[in-house]
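Inspection log for the structure reproduced underneath, given as structure tokens.
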Amino acid sequence: QVQLVESGGGLVQTGGSLRLSCVASGIIFSTYGMGWYRQAPGKQRELVATISNGGITNYADSVKGRFTISRDNAKNTVYLQMNSLKPEDTAIYYCNAARLSQYWGQGTQVTVSS
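The opening residue of the sequence shown carries number 1111 in the numbering used here; numbering runs sequentially from there.
Now the structure itself:
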């Protein structure tokens, strides 16, 4: 059974930082591309950042220079370091694992107050 468990969300002021973590089980983590997506109220889910099984990263334009995605294959964990947070970053953040199939975590709420 595949599980992706996110943690690290919370309430932070504008300009603050948070680090999200996602621990995966039930997959051969090192072979999967991993990603973070987010969904704000009334909006569609959107890509935030991805990291390939080889460590190649990709970011949405809106978070470039502020967010950093990384992975630790020994810990089956993908991280999202979020700096200089803005109110428009407020959303539920979801972890994604993709290979031939893809899996989603349950999400973690990030709220940035102005």
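Heads up, the beta-carbon is just placed ideally off N, CA and C, and yes, glycines get one too.
The alpha-carbon of ALA1170 is positioned some 11 Å away from that of ILE1179. When only Cα atoms are considered, GLN1191 and GLY1164 end up about 19 Å apart. Approximately 7 Å separates the beta-carbon atoms of ALA1208 and GLY1145; this is inside 8 Å, confirming the contact.
Nearest in C-alpha terms to SER1127, of all of VAL1133, GLY1119, THR1167, is GLY1119.
Non-local C-beta neighbours of VAL1133 in its own chain, meaning closer than 7 Å and more than five positions away in sequence, comprise VAL1115, ASN1186, THR1187, ordered along the chain.
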